[in-house]
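Shown next, in structure tokens, is the structure this report addresses.
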Amino acid sequence: MKHGSVFIVFFVFGVAMVSALRAEVKLPAIFGDHMVMQQDQKIPVWGWADPGEKVAVTFGAVSSATTAGADGKWRIDLPAVSPGTPPGTLVVNGKNTVTFSDVLVGDVWMCSGQSNMVYGLRHSYHGQEEAKQADYPGIRLFFVVKSAAGSPVDSFAGAPFDSPLQGKWQVCTPETVAKLGDFTDQDEGGFSAVGYVFAKAIHLSTGRPVGMIASYVGGTNASAWTSLAGLKKEPALSTYVQKLTENLENQRLYYSIKWADYVAARHQWVDTYGKAYEAQMQEWSALAREAQKLNEVPPSRPEPPGTPPRNPNSIHALPASLFNGMIAPLIPYALKGVIWYQGEANLGHGREYGILLPALINDWREQWGQGDFPFIFVQLPNCEKPPQAAGDPSIWADLRESQLKTLSLPNTGMAVTIDIGNFDIHPRDKIDVGLRLALSARHVAYGETLVYTGPLYASMKVEGASVRIAFAEDSIGGGLIIGSSPIVDPKAPPVSTTELQGFAIAGEDQVWVWADAKIDGQTILVSSPQVAHPVAVRYAWANNPTCNLYNKEGLPASPFRTDPSK
Numbered sequence: 072m073k074h075g076s077v078f079i080v081f082f083v084f085g086v087a088m089v090s091a092l093r094a095e096v097k098l099p100a101i102f103g104d105h106m107v108m109q110q111d112q113k114i115p116v117w118g119w120a121d122p123g124e125k126v127a128v129t130f131g132a133v134s135s136a137t138t139a140g141a142d143g144k145w146r147i148d149l150p151a152v153s154p155g156t157p158p159g160t161l162v163v164n165g166k167n168t169v170t171f172s173d174v175l176v177g178d179v180w181m182c183s184g185q186s187n188m189v190y191g192l193r194h195s196y197h198g199q200e201e202a203k204q205a206d207y208p209g210i211r212l213f214f215v216v217k218s219a220a221g222s223p224v225d226s227f228a229g230a231p232f233d234s235p236l237q238g239k240w241q242v243c244t245p246e247t248v249a250k251l252g253d254f255t256d257q258d259e260g261g262f263s264a265v266g267y268v269f270a271k272a273i274h275l276s277t278g279r280p281v282g283m284i285a286s287y288v289g290g291t292n293a294s295a296w297t298s299l300a301g302l303k304k305e306p307a308l309s310t311y312v313q314k315l316t317e318n319l320e321n322q323r324l325y326y327s328i329k330w331a332d333y334v335a336a337r338h339q340w341v342d343t344y345g346k347a348y349e350a351q352m353q354e355w356s357a358l359a360r361e362a363q364k365l366n367e368v369p370p371s372r373p374e375p376p377g378t379p380p381r382n383p384n385s386i387h388a389l390p391a392s393l394f395n396g397m398i399a400p401l402i403p404y405a406l407k408g409v410i411w412y413q414g415e416a417n418l419g420h421g422r423e424y425g426i427l428l429p430a431l432i433n434d435w436r437e438q439w440g441q442g443d444f445p446f447i448f449v450q451l452p453n454c455e456k457p458p459q460a461a462g463d464p465s466i467w468a469d470l471r472e473s474q475l476k477t478l479s480l481p482n483t484g485m486a487v488t489i490d491i492g493n494f495d496i497h498p499r500d501k502i503d504v505g506l507r508l509a510l511s512a513r514h515v516a517y518g519e520t521l522v523y524t525g526p527l528y529a530s531m532k533v534e535g536a537s538v539r540i541a542f543a544e545d546s547i548g549g550g551l552i553i554g555s556s557p558i559v560d561p562k563a564p565p566v567s568t569t570e571l572q573g574f575a576i577a578g579e580d581q582v583w584v585w586a587d588a589k590i591d592g593q594t595i596l597v598s599s600p601q602v603a604h605p606v607a608v609r610y611a612w613a614n615n616p617t618c619n620l621y622n623k624e625g626l627p628a629s630p631f632r633t634d635p636s637k
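The opening position of the sequence shown corresponds to residue 72 in our numbering, with each subsequent residue numbered one higher.
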């Protein structure tokens, strides 16, 4: 999986940093100018001060006060702010005063996962046109700088030298959409295409301000995004707990430098070389972009002067490491919900993913303490080679099945994307992904009555030599149809516009053959002359299936099988 060019840095912003700053009231980096605060629920505001220091927080007509504890930590839960509250200033008073201006009240969503969530808007089909029109003052974007940690940290790194827009709230403009994110520099991919399109769709459909927090890293396993406590609650995930414990001990033995020493050395390097290096990087970025436009070889990227200290815990692949570094610092910032696009790094472990993804969702909800906030995820798209036979095994289908089963959790939704992938693990159609996530969110999070998903398998019934397949009533929409993808991949096999494709059928011998399938009212009738006594049906059960069942609203059916997993 592609990671982009961002250097993952482990900043320990724990005791060492906080103790040095306790002379002043301090808040985590998620608070800042242009931020969005969640409407209609209490708003946690927290930070550090001198032990026993009185701290007051005010936003418009609401305010509250507290006293910092013996450890210097404080937290205030402001009363809920109603929708339609005008932009204002959040004021935090202690021995000093901290103010954050142009603060909106609306809905805060987080987009997370791996590289298909990372994938920048400007790389998506029609994405450059979208980016040019991304002038939405009511949408605010926050990009969490990459950071892994061996234990949960209180705050995360600020903006890196070569990406000054990151690590702080930005008003959504064509410039910020193009420059925020992982696929940047010469690629100029920009902010998550899925995240931006989702935020835009929610903003336009609800009329509310939307804050989108981007916390993602390419090529990462779901276990890296789950806390150690969450992993420990599932016995089936004990191997991840063991891996984390063993690797952290190896890290301590391998590196002589201690975490606190590293932080001190890193800060010294920043103070000595940071501004000069930042200027060099800005100059290099401009020259590299100009060289690309002229189809010339770009200049060599500047090397950091003075050799920064080596990171003792570059552990972003370890279980819990990204939760510790990129999720924990956000808690308990009030959210409306989460959108999630991940799973490729867990391929080959589909059944385990059926335990891991629900564990992650339950873990985040418990950590935030907001109840079962909406969690909307992407079911992986078609990818790699088309199947040679109806019974070919498929690690992609196995993982999609685990994602489908995760809908059993409350307040979850799923965007089916089986029709908008291709042979590349990074399909370019991210706009339809974002739009489908938004449809699901409009139902799950906002209670809208609308068709929000394609057909979802509900039941089967054997009728002689045929099997009748029924679907969940609220997934049929205006009716079942033979449809087509919104994006046609010229490399893909042709898809019929007159006959259903993608169905397979088997008897007791579990020998699978391609089946004839016909729409019969609100159901599908499946059969094959090769199977006289059918017992099971599969649909789109392949890495890259040819399939075309939709509802009239243009949403594709999710892959499914009626035979139990073994």
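Glycine is no exception: its CB is placed at the ideal position from the N, C-alpha and C atoms.
Residue state for proline 627 is assigned as strand, using DSSP reduced to three classes.
Taken in chain order, the whole alpha helix (DSSP H) runs of length 4 or more contained in the region 537–573 are 544–547. Looking at the backbone, the Cα of proline 445 and that of histidine 105 are separated by about 24 Å. Comparing alpha carbon positions, the residue from Lys97, Gly177, Met188 closest to arginine 146 is Lys97. Beta-bridge partners of asparagine 622 (DSSP): Leu551. Less than 8 Å divides the Cβ of valine 179 from the Cβ of glutamine 109. Burial of aspartate 225 is indicated by the presence of at least 16 other C-beta atoms within 10 angstroms of its C-beta. The beta carbon of alanine 575 is closer than 8 Å to those of Ala461, Gly462, Trp583, Val584, Trp585, Ala586, Val608, Arg609, Tyr610, Trp612 in its chain, skipping five residues each way along the sequence. Per DSSP, the unbroken beta strand (DSSP E) holding leucine 149 starts and ends at 144–149. Selection Arg507, Trp467, Ala120, Ser276 evaluated against glycine 143 yields Ala120 as nearest (Cα-Cα). Per the DSSP secondary-structure output, valine 179 pairs in a beta bridge with Gly282.
When C-alpha distances from alanine 300 are compared across Thr316, Gly377, Ser286, the shortest belongs to Thr316.
Scanning the region 336–412 from its first residue to its last, the whole beta strand (DSSP E) runs of 3-plus residues come out as 408–412.
In this chain, the alpha helix (DSSP H) harbouring phenylalanine 269 covers 264–277.
For lysine 125, DSSP records a beta bridge to Thr138. Per DSSP, the continuous alpha helix (DSSP H) segment holding threonine 247 begins and ends at 245–250. Counting the other Cβ atoms within 10 Å of the Cβ of alanine 132 gives fewer than 16, which makes it exposed.
If only complete runs of 4 or more residues are kept, the region 486–543 shows the alpha helix (DSSP H) at 502–515, in order along the chain.
Less than 8 Å divides the Cβ of threonine 477 from the Cβ of proline 429. Annotation for valine 566: Ser555, Gln572, Thr617, Asn619 place their beta carbon closer than 7 Å to its own, counting only its chain and skipping 5 residues before and after. In the three-state scheme derived from DSSP, where H, G and I count as helix and E and B as strand, alanine 202 is classed as helix. With distances taken between CA atoms, glutamate 200 lies nearest to Thr244 out of Pro208, Pro526, Thr244.
The C-alpha of isoleucine 402 is placed about 12 Å away from the C-alpha of alanine 100. Alanine 362 and threonine 247 have their alpha carbons spaced roughly 22 Å apart. Counted as a single uninterrupted DSSP element, the beta strand (DSSP E) harbouring isoleucine 595 occupies residues 594–598. The beta carbon of threonine 343 sits closer than 7 Å to those of Gly377, all from its chain and outside the five residues before and after it, given in chain order. In the DSSP secondary-structure assignment, phenylalanine 213 is bridged to Ile284. When secondary structure is reduced to three states using DSSP, glycine 425 falls in the helix class. Taken through DSSP and simplified to helix, strand or coil, isoleucine 466 comes out as helix. DSSP, reduced to helix, strand and coil, places isoleucine 101 outside both helices and strands of the structure shown, so it counts as coil. A direct Cα-Cα distance of roughly 26 Å separates glycine 289 from asparagine 482.
DSSP lists Val176 as the bridge partner or partners of methionine 108.
Between the region 464–476 and the region 164–174, the count of C-beta pairs closer than 8 Å stays below three; the two stretches do not touch.
Sixteen is the threshold: since fewer than 16 other Cβ atoms of the shown chains lie within 10 Å of the Cβ of lysine 304, the residue is exposed. Listed in chain order, the non-local C-beta contacts of threonine 568 below 7 Å within the same chain comprise Ile553, Ser555, local neighbours out to five positions each way being set aside. In this structure glutamate 124 is buried. Its beta-carbon is surrounded by 16 or more other beta-carbon atoms within 10 angstroms.
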